[in-house]
Amino acid sequence: MKEIELRLALVLYGGVSLAIYMHGVSREILNLVRASSFRLDRNGGNSNDCETHPLQPVQCAYQDLLDLLSGVADIRVVVDAIAGASAGGVNGIMLARAIAHDLPLESHSEMWLENADVTRLSRPQSGLSRYLKLSISPVLDQLISTRLNKQIESVETREKLRQFMQARWFSPPFSGERFISWMLDACRKMENGDDSERTLIPRGQTLNLFVTITDYNGVKRRILLDDPAYVEEWDHRRILNFRAVHRTPGYVDSQFDSDNIPELVFTARATSSFPGAFPPATVAEMERVLSRKGVAWPYRDDFLGRELCLTPETMAQHCFVDGSVVMNKPFAPVIEIIEERPAAREVARRLIYVDPAPVDVSATREGPLELPGFFRVILASLAHIPRNEPIGDDLKELEQNNRRSRWLSQLIDATGPVVEQAVSSLLPTRRAITAEVLSRCRRDATTTAFEQAGFAFLNYQSLKLHALAERLAGLTGRISRSPDVQMREEAALSLFSRHFNKLAADSEDGLGRTDPHIVALLRGLDVDYRIRRLRFAIRKLNGFYHADKDSKLPPPDANALDYLKGILYEQIDHLGWRWTDRFFGGKSQELSEAFLTTAAGSQYGAEDHVEPLLDSLTKMMGLADLDRLHDELFAETARDLLDRDRHMSLLRSYIGFGFYDLITFPVLQRNDFSEVTEILVDRISPRDADSLYTEGFELKGKSLNAFGAFFNRSWREHDYLWGRLNAADRLVSIVLSAAGEGVLPQPQVNQARARIFLAILQEEREKLLTIPEEIDRVDDLIRSIYPDFAHVEEEA
């Protein structure tokens with residue numbers, strides 16, 4: 032049966048009180064991912080976890096949909112990248128944590144519905160300020176009753192708006208410390224109460240989270256020029272990156288577990304610090320709340336240094352405001368990361384962005400242009416325009432990447448026959464191919480490829496050495512953990528580049544094809560070449576899943592292919608681990624610190640530190656041992672798992688990788704050979720989810736400049752419910768599109784949608800107590816749109 036991995040990369044916009052709608056969307060994404068994961072566990076015979084943690088009604092409904100599609104394709108739904116800003120950043124953080132450790136989000140639903148209210152968010156007042164503001168209540172009542180009565184009919188909303196307008200003058204009305212406290216409590220309530228390492232991340236895969244925040248004070252960045260030698264500018268954008276890797280069964284290397292809650296909550300506080308509503312977020316504020324609640328911050332120094340570039344001396348000088356100020360629609364980090372994702376099976380990639388308030392396509396500006404006033408210009412410049420920056424540039428870049436993926440695939444396919452012919456002459460025909468034989472053939476093939484490249488090899492070799500210099504400069508900076516690391520890394524890059532250029536210039540042929548110093552350097556330190564080679568082999572394996580009808584080969588063994596690729600992914604993970612500071616010990620740290628200190632100073636004598644550092648890193652990386660292991664995997668393990676013809680085809684790709692790398696690396700200049708597939712873009716918004724759409728529908732949170740839901744509990748419940756319904760509608764469409772158009776008859780599609788919609792109402796009917804009329808209206812709407820389903824249910 033065809034297996035499809037539906038991979039979702041999510042982008043969550045900012046939107047103030049529309050965060051509650053986005054939370055509803057997050058709940059449904061988690062439901063679909065959990066239903067998909069538990070369905071595969073059930074079908075694979077792993078039923079214990081399913082019995083211990085039974086699925087909720089809506090998750091069972093998603094399972095039913097996936098079961099309906101199983102006759103066409105076995106679909107696994109995976110979220111492997113999330114990016115968010117402001118309100119979207121808060122929801123992205125909690126969704127990522129729930130996926131990484133298979134945790135519920137109900138505690139966050141309670142937090143949003145109960146605490147996201149101006150009367151609970153606002154800071155308490157006392158004394159003369161409160162007295163003076165109470166004295167103007169009649170004026171405020173008159174203003175609200177005459178100016179806003181038509182817009183706001185709710186008595187609760189008008190009363191809370193009056194109280195809100197009595198808040199502190201010229202001071203942010205909302206309490207950051209209260210927000211932190213609620214978030215900490217909600218995160219603690221997520222815990223599953225056992226010691227199991229459950230996760231919704233497939234084995235060998237990674238979940239990345241990106242959250243934008245704005246460093247109000249900024250950090251100096253040095254930019255190298257010709258004259259002057261450099262300039263320094265202030266950088267205010269921070270894109271924080273958290274990740275979790277499911278390395279082996281039962282072990283998740285995660286930055287989302289309980290010990291990481293403080294930095295996750297601090298990030299949520301900072302990214303949602305809407306200017307004027309919340310005071311800027313500070314480390315001191317976070318520490319005050321943690322101290323009051325008796326909560327430790329185990330990774331405080333590592334987080335502040337790694338992600339925020341703060342030291343104990345500088346952290347008091349920095350405060351952070353809303354991430355939407357610098358990047359409200361963070362597509363770029365997601366697009367960059369998903370291009371390097373490994374593909375374990377056929378992949379259907381979707382980039383989904385959540386936009387609660389999309390631009391009305393029919394809206395036009397009519398009449399004469401009205402010049403905005405003083406305050407309207409300031410408000411638009413500081414908040415409205417940055418939050419509505421266009422996404423066209425990001426999507427155009429995505430389309431360019433899609434075209435490049437198609438071109439890359441065609442290039443590799445066209446090159447294949449030529450390379451296989453060249454490699455076939457190097458392989459023995461009568462004796463067994465052992466690891467030793469394979470190693471010799473691999474080196475001979477690479478030498479042949481480099482010799483046949485002519486002067487094109489010069490460009491290839493220069494790019495490899497430059498890429499290695501950049502990698503080593505970044506690695507030494509991370510290992511040393513020294514302050515002002517950015518300036519030191521630039522000096523280190525200059526030294527590494529000068530050293531490598533000298534090696535190339537001193538080589539006998541001027542190209543360095545066989546120069547022993549360059550060969551030893553690349554064999555000992557070029558981790559990325561090995562990663563590209565393994566990913567290229569995995570690409571070859573992916574082509575074995577679909578047997579040609581006219582082929583004389585036996586049917587492919589999907590389980591054997593999955594197993595072999597799992598082994599190769601583990602090796603890629605081992606290689607990537609060598610670019611992290613945690614892989615290295617104290618000696619490497621001492622050598623790196625000495626090297627960077629000298630490089631950042633006068634640079635006299637810095638060359639003396641290069642060779643000892645490179646020798647130490649080479650010994651620690653142990654790439655020669657890994658090369659031998661990889662040769663054994665391809666020569667022996669792969670031989671036991673594959674039929675002879677497929678095994679030989681895989682060996683020719685592995686041995687001949689040097690030919691392919693000569694062609695593709697100068698174009699790609701990164702470790703591609705992963706998802707050579709198109710990335711399709713989908714949107715979740717009230718306008719796109721048209722199955723239950725009614726004319727004139729609006730989210731309540733859009734009112735009062737997107738603060739509306741903070742003034743009314745029933746409005747929060749309304750937006751939360753519709754976030755779930757809208758997301759369910761769109762996710763069903765996305766799953767169906769991944770399986771293929773027309774794979775299910777329309778009556779079955781309608782039945783699946785109706786069952787999911789009604790399951791959502793079933794789960795929320797006893798919880799959303801202020802909107803019973805809306806729930807009944809939606810229930811009637813579902814049964815009127817899908818009468819056949821309602822009839823079948825009544826008969827059952």
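Under the numbering used here, the sequence shown has 85 at position 54, and the numbering climbs by one with no breaks. The beta-carbon is built from N, C-alpha and C at its ideal position, and this holds for glycine as well.
{"Query": "Buried or exposed: where does Thr545 fall if 16 or more other Cβ atoms within 10 Å of its Cβ makes it buried?", "Result": "exposed"}
{"Query": "Across which residues does DSSP place Ala275 in a beta bridge pair?", "Result": "Leu238 and Ser285"}
{"Query": "What does DSSP give as the partner residues of Lys251 in its beta bridges?", "Result": "Trp265"}
{"Query": "Let me confirm a value: Tyr594 is counted as buried when at least 16 other C-beta atoms fall within 10 Å, else exposed. Which label applies?", "Result": "exposed"}
{"Query": "Tell me the DSSP secondary structure of Pro306 in three-state form.", "Result": "strand"}
{"Query": "Does the stretch 287-301 come within contact of the stretch 312-329, defined as at least 3 CB pairs closer than 8 Å?", "Result": "yes"}
{"Query": "Where do the ends of the beta strand (DSSP E) carrying Val42 lie?", "Result": "Glu34 to Leu43"}
{"Query": "On the three-state DSSP scale, how would you describe Gly207?", "Result": "helix"}
{"Query": "Take Leu711 and list the residues in its own chain whose beta-carbon comes closer than 6 Å to its own, dropping the five residues that flank it on each side.", "Result": "Arg381"}
{"Query": "Just to check my reading of the structure: Tyr44 and Lys360 have Cβ atoms closer than 8 Å, yes? What is that Cβ distance to the nearest angstrom?", "Result": "6 Å"}
{"Query": "In chain order, what residues of the same chain lie with their CB nearer than 6 Å to the CB of Asn272, ignoring the 5 residues before and after it?", "Result": "Phe241"}
{"Query": "Would you check if the distance between the CB atom of Arg828 and the CB atom of Arg755 is smaller than 8 Å?", "Result": "Because residue 828 is not part of the residues shown, which for the chain are 32 to 827, the question remains open."}
{"Query": "Classify Ala312 as helix, strand or coil using the three-state DSSP reduction.", "Result": "strand"}
{"Query": "Once DSSP output is grouped into helix, strand and coil, what is the label at Tyr600?", "Result": "helix"}
{"Query": "If you check the beta carbons only, do Leu144 and Tyr751 fall under 8 Å apart?", "Result": "yes"}
{"Query": "Which one of Ser185, Val103, Leu63 and Arg70 has the shortest CA to CA distance from Leu126?", "Result": "Leu63"}
{"Query": "So is Gln777 buried or exposed if we call it buried at 16+ other beta carbons inside 10 Å?", "Result": "exposed"}
{"Query": "Do you know offhand how far Ser680's Cα is from His54's?", "Result": "48 Å"}
{"Query": "What is the DSSP secondary structure of Ser764, reduced to helix, strand or coil?", "Result": "helix"}
{"Query": "One question on the structure: do His749 and Ile694 come within less than 8 Å of each other, judged by their Cβ atoms?", "Result": "no"}
{"Query": "Find the nearest neighbour of Thr465 within the set Phe690, Ile715, Asp662 and Leu792, judged by alpha-carbon distance.", "Result": "Asp662"}
{"Query": "Between the alpha carbons of Asn781 and Ile130, how many angstroms are there, rounded?", "Result": "28 Å"}
{"Query": "Buried or exposed: which applies to Trp832, given that a residue is buried once 16 or more other Cβ atoms fall within 10 Å of its Cβ?", "Result": "Only positions 32 to 827 of the chain appear in the structure, and residue 832 is not among them; the question remains open."}
{"Query": "Would Met358 and Arg300 qualify as a contact pair, given that the criterion is a beta-carbon distance under 8 Å?", "Result": "no"}
{"Query": "Can you tell which of Leu152, Leu41 and Ser48 has the C-alpha that lies nearest to the C-alpha of Val108?", "Result": "Leu41"}
{"Query": "Assign Ser734 to one of two classes, buried (16 or more other C-beta atoms within 10 Å of its C-beta) or exposed (fewer than that).", "Result": "buried"}
{"Query": "Going by DSSP, what residues sit across from Tyr384 in a beta bridge?", "Result": "Val42 and Arg714"}
{"Query": "Mind reading off the beta-carbon distance from Tyr724 to Ile443? Whole number of angstroms is fine, and I expect it under 8 Å.", "Result": "Contact doesn't hold; Cβ gap of about 44 Å is too wide."}
{"Query": "Could you name the residues of the same chain whose beta carbon sits closer than 6 Å to that of Arg94, not counting the 5 residues immediately before and after it, in chain order?", "Result": "For the record, residue 94 in the displayed sequence is Gln; it is not Arg. Taken in chain order, the residues that qualify are Ala66 and Arg70."}
{"Query": "For Trp753, tell me which candidate among Ile106, Leu49 and Glu34 has the shortest Cα-Cα distance.", "Result": "Leu49"}
{"Query": "Considering only the beta carbon of each residue, do Ala379 and Leu37 sit closer than 8 Å?", "Result": "yes"}
{"Query": "Grouping DSSP H, G and I as helix and E and B as strand, with all else coil, what is Val352?", "Result": "strand"}
{"Query": "So, do the stretch 757-765 and the stretch 798-815 have three or more beta carbon pairs nearer to each other than 8 Å?", "Result": "no"}
{"Query": "Within a Cβ cutoff of 6 Å, which residues of the same chain sit near Leu496, ignoring the five residues on either side of it in sequence?", "Result": "Phe531"}
{"Query": "Which value, in whole angstroms, describes the spacing of the CA atoms of Ala504 and Ile368?", "Result": "21 Å"}
{"Query": "Taking the alpha helix (DSSP H) that Ile787 falls in, what are its first and last residues?", "Result": "Gln777 to Glu795"}
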